[in-house]
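Asker: Heads up: the sequence shown at position 147 corresponds to 758 in this note's numbering, and the numbers run straight through without jumps.
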Amino acid sequence: MPGGVSADGTALQRRGLLFILSSPSGAGKTTLARRLLAHDGGIRMSVSVTTRPMRPGEVEGVDYHFVTQPRFDAMVEGGELLEWAQVFGHCYGTPKAHVKTGIHDGHDFLFDIDWQGTQQLYQKLERDVVRVFVLPPSIAELRRRLTARGTDSAETIAARMARAQAEISHWDGYDYVVVNDDLDACFARLVQILAAERLRRARQVGLISFVRGLMAPIA
Ligand code: ADP
Ligand code: 5GP
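1. Pick from SER820, ALA638, TYR733, VAL678: whose alpha carbon is nearest that of ASP792?
2. Out of GLY717, ALA827, GLN697, point me to the one whose CA is closest to ARG625's CA.
3. Assign ALA813 to buried or exposed, taking buried as 16 or more other Cβ atoms, counted over all protein chains shown, within 10 Å of its Cβ.
4. Helix, strand or coil for TYR785, going by three-state DSSP, please let me know.
5. Assuming THR729 contacts CYS702 (C-beta within less than 8 angstroms), just tell me the rounded distance between them.
6. What residue range does the alpha helix (DSSP H) around LEU629 cover?
7. Are the CB atoms of LEU643 and VAL740 nearer to each other than 9 angstroms?
8. Where does ASP719 fall in DSSP's three states?
9. Can you check whether the CB of GLY672 is closer than 9 angstroms to the CB of GLN658?
10. Go ahead and pull the three-state DSSP assignment for LEU647.
11. Three or more C-beta pairs closer than 8 angstroms, one from the segment 780–796 and one from the segment 743–755: is that the case here?
12. What number of angstroms, rounded off, separates the C-alpha of GLU694 from the C-alpha of ARG760?
13. Which residue's Cα is closest to the Cα of GLU737: ILE714, ASP651, LEU647?
14. In three-state terms, what does DSSP make of GLY653?
15. Report the rounded CA-to-CA distance for GLU766 versus ILE724, giving the unit in angstroms.
16. Going by the beta-carbon positions, is the gap between HIS650 and VAL789 smaller than 9 angstroms?
17. For MET665, which residues in the same chain have their Cβ closer than 6 angstroms to its Cβ, ignoring the five residues on either side in sequence?
18. Please report how far the alpha carbon of SER832 lies from the alpha carbon of ILE819, in whole angstroms.
19. Rounded to whole angstroms, how far is the Cβ of ILE768 from the Cβ of THR758, which I believe are closer than 8 angstroms?
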């Protein structure tokens with residue numbers, strides 16, 4: 612867990628954070644998220660539940676927990692979701708389990724959720740949330756990426772393109788905005804944002820006793 616280091620070389624206790632990636636569909640947040648998880652052992656994915664059908668290549672419990680509509684409704688009713696929203700006619704939500712205790716224990720979580728879920732998480736856990744919006748370099752490139760991904764029908768791609776500008780209009784509800792033009796460069800910016808956010812004073816709960824030690828009368 613990167614963070615401050617005390618004089619004896621041990622890691623200072625730190626509160627975890629919720630690192631949120633949002634973008635119009637096809638801008639590259641899944642690609643960036645997978646890379647971040649592979650690169651950084653200190654952050655784990657918040658795996659959402661969804662009622663949408665599984666895409667080729669997706670794995671239950673890794674990409675999503677795929678559930679029926681009645682099961683999703685029961686989770687909402689039972690207060691099992693931290694946030695939820697309807698996107699492209701399907702329901703998506705974040706299971707509460709693990710996240711709240713995890714941040715207390717210093718674990719960081721990565722979220723791939725839309726602007727509606729981001730607003731809900733911000734309302735509930737404002738000081739733990741880091742909101743990053745990923746923009747495509749152009750609308751033409753967004754269409755090219757959605758088509759090249761090869762996972763959606765022409766009809767689904769048209770629906771995602773039709774929604775893209777409405778989603779982009781929420782860019783100003785985020786702390787950071789990155790343009791995913793060159794993948795390596797964009798990824799490097801995400802790594803920098805995460806590193807800096809981990810060092811925020813308010814997250815380094817171990818600092819108080821550490822600084823108290825530094826302020827003790829000098830012999
Ligand atoms: P999202 O999760 O935002 O819907 P994906 O991560 O699935 O988007 O990316 C959509 C497609 O674009 C994928 O085929 C992915 O490999 C490709 N892609 C992602 N980032 C870039 C990039 N910087 N340059 C070119 N292609 C990219
Ligand atoms: P996809 O179907 O392409 O995986 O995701 C469609 C949209 O749903 C994306 O914008 C994604 O960020 C969003 N999404 C995925 N999981 C959640 C979730 O748990 N909550 C919310 N609010 N949005 C989600």
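Heads up, the beta-carbon is just placed ideally off N, CA and C, and yes, glycines get one too.
In this text, all values refer to a predicted model and were calculated from it rather than measured experimentally.
Answerer: Working from what's here:
1. ALA638
2. GLY717
3. exposed
4. coil
5. Contact flag wrong, Cβ pair sits at about 16 angstroms.
6. LEU629 -> not in any alpha helix (DSSP H); beta strand (DSSP E) instead, spanning 629–633.
7. no
8. strand
9. Note on residue identity: the sequence assigns Val, not Gln, to residue 658. Yes.
10. helix
11. yes
12. 28 angstroms
13. ILE714
14. coil
15. 22 angstroms
16. no
17. PHE677
18. Shown here, the chain extends from 612 to 830; a query on residue 832 therefore has no answer.
19. 6 angstroms
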